[in-house]
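Read in order, the letters of the sequence shown correspond to residues 0 to 144 in numbering that gives the first Met the number 0.
For glycine and all other residues, C-beta sits at the position ideal for the given N, C-alpha and C.
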Amino acid sequence: MDTRSKAQRSFIMKSVRSRNTGPELVVRRTLHALGYRYGLHRKDLPGRPDIVMPKHKAVVFVHGCFWHGHGCPKGRLPKSRLDFWVPKIDRNRQRDRESVRLLRKSGWRVLTIWQCQTKDVESLSRKLAKFLTLRNRKNSRGSHQ
Numbered sequence: 000m001d002t003r004s005k006a007q008r009s010f011i012m013k014s015v016r017s018r019n020t021g022p023e024l025v026v027r028r029t030l031h032a033l034g035y036r037y038g039l040h041r042k043d044l045p046g047r048p049d050i051v052m053p054k055h056k057a058v059v060f061v062h063g064c065f066w067h068g069h070g071c072p073k074g075r076l077p078k079s080r081l082d083f084w085v086p087k088i089d090r091n092r093q094r095d096r097e098s099v100r101l102l103r104k105s106g107w108r109v110l111t112i113w114q115c116q117t118k119d120v121e122s123l124s125r126k127l128a129k130f131l132t133l134r135n136r137k138n139s140r141g142s143h144q
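Structure (structure tokens):
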């Protein structure tokens with residue numbers, strides 16, 4: 000049973016943003032601090048990635064743990080209306096997998112950052128730097144051989 004009235008729940012759900020979320024802003028600030036520049040929400044790419052770095056042929060998705068079915072505590076399904084939530088989250092996960100598949104097929108490197116991973120900015124920074132510098136090392140080795 001939902002503890003909120005229908006009007007309260009509707010108000011809460013309408014306030015959930017899909018762009019410029021708190022976790023997305025943390026990732027963007029971290030990338031900027033590392034010296035990387037990027038574009039946002041490219042409509043011409045599968046899944047409309049949150050962050051796009053054409054120079055590195057890399058995209059970053061910043062997923063909310065609940066909405067994309069992460070296995071952490073924030074990703075737990077509600078106890079009510081499972082007939083609605085299970086198929087919804089499953090569709091989101093299926094759409095995510097398909098977007099990643101299409102992007103990789105087109106030569107893009109893909110990194111998914113989960114909402115819960117944005118709490119530890121140091122760890123997040125290391126993860127982003129590793130993802131982006133691996134490409135640079137591969138390119139520089141390949142061009143000298």
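query: Rounded to whole angstroms, how far is the Cβ of residue 59 from the Cβ of residue 110, which I believe are closer than 8 Å?
result: The residue labelled residue 59 in the question sits at position 60 within the sequence shown. The residue labelled residue 110 in the question sits at position 111 within the sequence shown. The Cβ separation is near 5 Å, so the contact holds.
The region 27-40 touching the region 82-92, judged by at least three CB pairs closer than 8 Å: no
query: At what residues does the alpha helix (DSSP H) containing residue 100 begin and finish?
result: Here residue 100 is taken as the residue at index 101 of the sequence shown, counted from 1. Counting along the chain, the alpha helix (DSSP H) containing residue 100 begins and ends at 81-104.
- request: Tell me whether residue 67 sits in a helix, a strand or coil according to DSSP, three-state version.
  value: For the purposes of this step, residue 67 is identified with residue 68 of the sequence shown, where counting begins at 1. Looking at residue 67 - three-state DSSP - the assignment turns out to be coil, as it is neither helix nor strand.
- prompt: So residue 22 packs on residue 61, CB below 8 Å; how close in whole Å?
  reply: For the purposes of this step, residue 22 is taken as the residue at position 23 of the sequence shown. For the purposes of this step, residue 61 is taken as the residue at position 62 of the sequence shown. About 5 Å separates the beta carbons of residue 22 and residue 61, which is inside the 8 Å limit, making them a contact pair.
message: For the beta strand (DSSP E) containing residue 55, name the first residue and the last one.
response: Your numbering for residue 55 matches position 56 in the sequence shown. Note, residue 55: premise wrong, no beta strand (DSSP E); not H, not E.
message: For a quick check, are the C-beta atoms of residue 39 and residue 127 less than 8 Å apart?
response: As a first step, residue 39 is located in the sequence shown; it is residue number 40 there, counting from the start. As a first step, residue 127 is located in the sequence shown; it is residue number 128 there, counting from the start. Taking C-beta atoms as the reference points, residue 39 and residue 127 fail to come closer than 8 Å.
message: As a quick exercise: from 20, 43 and 19, pick the residue whose alpha carbon is nearest that of residue 105.
response: The residue labelled residue 105 in the question sits at position 106 within the sequence shown. Of 20, 43 and 19, the residue nearest in Cα terms is 43.
- request: Report yes if the C-beta distance between residue 20 and residue 63 is below 8 Å; otherwise report no.
  value: Position 21 of the sequence shown, counted from the first residue, corresponds to residue 20. Position 64 of the sequence shown, counted from the first residue, corresponds to residue 63. The answer is yes: Cβ separation under 8 Å.
task: Put residue 33 into one of helix, strand or coil per three-state DSSP.
output: Counting from one through the sequence shown, the residue named residue 33 turns up at place 34. Looking at residue 33 - three-state DSSP - the assignment turns out to be coil, as it is neither helix nor strand.
message: Given a cut-off of 8 Å on the beta-carbon distance, is the pair residue 69 and residue 113 in contact?
response: Working through the sequence shown from its first residue, we reach residue 69 at position 70. Working through the sequence shown from its first residue, we reach residue 113 at position 114. Cβ atoms of residue 69 and residue 113: closer than 8 Å.
Opposing strand residues paired with residue 109 [DSSP bridges]: Stepping through the sequence shown from its first residue, residue 109 is reached at position 110. Paired residue(s): 58.
message: Using DSSP's beta-bridge definition, name the partner residues of residue 38.
response: Translated into positions along the sequence shown, residue 38 becomes position 39. BP columns for residue 38 point to 51.
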